[in-house]
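If you're matching positions, the sequence shown starts at 264 in the working numbering and goes up one per residue. Glycine residues also receive a C-beta, built at the ideal position from the N, C-alpha and C atoms. This structure is a prediction, so every number in the text was calculated from the model and none was measured.
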Amino acid sequence: MPPEFLEDATTRVPADRHRVRVPKVTLAVVEGPSRGKRLEIVSGAATIGSGAENPLVIDDKAVSRMHCEVRVRPFAISLRDSGSTNGTFVEGVRVRDVDLPAGAIVRLGGSAFRVEVGDEPAFLTLSDRSELGLLVGGSMEMRRVYSLLERVSPTDSTVLLQGETGTGKDVAAQTIHMLSRRSAGPFVPLDCGAVPANLFESELFGHVRGAFSGATADRQGVFEEAHGGTLFLDEVGEIPIELQPKLLRALETKTVRPVGGNRAKPVDIRVVAATNRPLAQAVNDGTFREDLYYRLAVVDVMLPPLRARPEDIPALAMHFYRQVKGGEAVLPESFVRGLSGREWPGNVRALRNFIERSVALGLVHPDAAAASASVPPPAPAGPPETTIPLDRPLKDARQAWILGFESVYVRHVLSRAKGNVTHAAELAGVSRRFLQRLIARLGLRVNDATDATDGGTDG
């Protein structure tokens, strides 16, 4: 049953492209040692827990440091448990991620708070853009993001970009840099998930000659490389816990000390961080420092998954198609209809990869049926010169061939395993997790893959 304020919104508030109704929400603690505390949220998110940095602190030993998060969105209030020890309960049911109605009582530990919705709503201003920097899409979800980025980009505030894999966090970080006063300076990305633990400190802060075995010369870290510009820490949740105090100190003091050095160096940077894992849960697990989390999340931007903005799929598909083909190339309507009917678990990245693969395999043409957009057929047999896009530069041709090969191979191995991902991973000689990531990156669904190949035989 939808909350009452949703019904009011659809009957009393006219559609307005430039603003959207947002409930005025107050969290009122009604049970436990902190009874009487209140927190008002107009938009955005607030964490609730026993840690002193939370916007709503509940002094209860049975409440985790970052117990749960309440996020206020247009026409909705959502709650997500942050991997708490004792759980979060609504109407006696333990929940992990749920939309809350007005008046709901949320229980955590020996305490509880009530969700109160004001009679008069607030209105959130939306951007009137259908694109911003490198970001594409004119949906309400994206125009809400644009509005926030337009306000925060000209500042030097640290930004934390959150969202599922493939939602475009790297593109959002580049857009923030492009719109900032630092746009003439360097944009330095660091994939924290790809740095060996023993090299992290050197990668961040640099080192001096002789600091360790193999350090034959002085080397700058990414903090110094980004001087005057923006440092993008992608997958920031992968930074080792023992190094996090040094990162926090560098963010606070705007200075770095190279490994083996005896003098701190000042740096003038703006930091944008991104993660696809819930950092609040990492705080509760003891793998991420709470003070570092709040230092990074000065401005918290949640990028929506593609399923939350399906109306953007045609524009995104056309954008990626023109990147590949160049000029004013146009996708066939039947092809676009096929794209719009898919779930895209890999989000925007999966859509982009699918467009590139379809172009490489020659699947985009005026006679392409909508069904062809679901899963491409196997690459045509024949000599390499007939299946490799030889008219493209070496790097592009190689990538297109690899994408086509991966699509055909994954669909075939899934078919042999009759859709069993674990068995398919064994046949392919890879881990189940690796195969799951590859399926998501290719934008495939297991049912599609098994239906479109050789009928599941093992021959």
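For Val599, the number of other beta carbons within 10 angstroms of its own is at least 16, and it is reported as buried. Taking C-beta atoms under 8 Å as the contact rule, Leu511 and Arg552 qualify, at a distance of about 7 Å. Close CB contacts of Thr518 within its chain, under the 7 Å cut and outside five residues either way in sequence, are with Ala527, Lys528, Pro529, Val530 (chain order). Apart from the 5 residues on each side of it in sequence, Arg585 sits with its Cβ closer than 6 Å to the Cβ of Ala592 in its chain, given in chain order. Residues of the same chain with a CB within less than 6 Å of the CB of Arg482, apart from the 5 flanking positions on each side, are Gly469, His470 in chain order. Two segments are said to touch when three or more pairs of C-beta atoms, one from each, lie closer than 8 Å; by this definition the segment 366-384 does not touch the segment 404-414.
If you draw a straight line from the Cα of Arg343 to the Cα of Gly590, it is about 44 Å long. Within 10 angstroms of the beta-carbon of Ala537 lie 16 or more other beta-carbons, which makes it buried.
Between the C-alpha atoms of Thr348 and Phe583 there is a straight-line separation of about 44 Å. DSSP, reduced to helix, strand and coil, places Val562 within a strand of the structure shown.
Between the alpha carbons of Asp362 and Arg336 lies a distance of about 10 Å. In the DSSP assignment, Arg615 falls within the unbroken alpha helix (DSSP H) covering 610-623. Ser327 is positioned such that its CB atom lies closer than 9 Å to that of Ser313. Under the Cβ criterion (8 Å, minimum of three pairs), the segment 421-428 does not count as touching the segment 449-469. Bounds of the alpha helix (DSSP H) holding Gly601 are 596-603.
Ile502 sits buried, since 16 or more C-beta atoms from the chains shown fall within 10 Å of its C-beta. Bridge pairing for Val522: His470 [DSSP]. The segment 447-512 contains, as complete beta strand (DSSP E) runs of 3+ residues, the segments 450-454, 493-497 (chain order). If you draw a 10 Å sphere on the C-beta of Ile504, you find fewer than 16 other C-beta atoms in it, and that means exposed. Taking a 10 Å sphere around the C-beta of Leu657, we find fewer than 16 other C-beta atoms and assign the residue as exposed. Rounded to the nearest angstrom, the Cβ distance from Leu559 to Trp607 is 28 Å, too far for a contact under 8 Å. Residue state for Ser390 is assigned as coil, using DSSP reduced to three classes. Inclusion of Thr421 and Val561 in the CB contact set at 9 Å is warranted, their separation being smaller than that value. In the same chain as Ala688, and ignoring 5 residues on each side of it, the C-beta atoms closer than 8 Å to its own belong to Ser694, Arg695, Phe697, Leu698, in chain order. Residue state for Thr685 is assigned as helix, using DSSP reduced to three classes. Per DSSP, Val593 is not a residue of any alpha helix (DSSP H), being assigned neither H nor E. Arg370 sits buried, since 16 or more C-beta atoms from the chains shown fall within 10 Å of its C-beta. The Cβ atoms of Arg520 and Gly492 lie no closer than 9 Å to each other.
Among the bridge pairs identified by DSSP, Glu303 is matched with Thr289.
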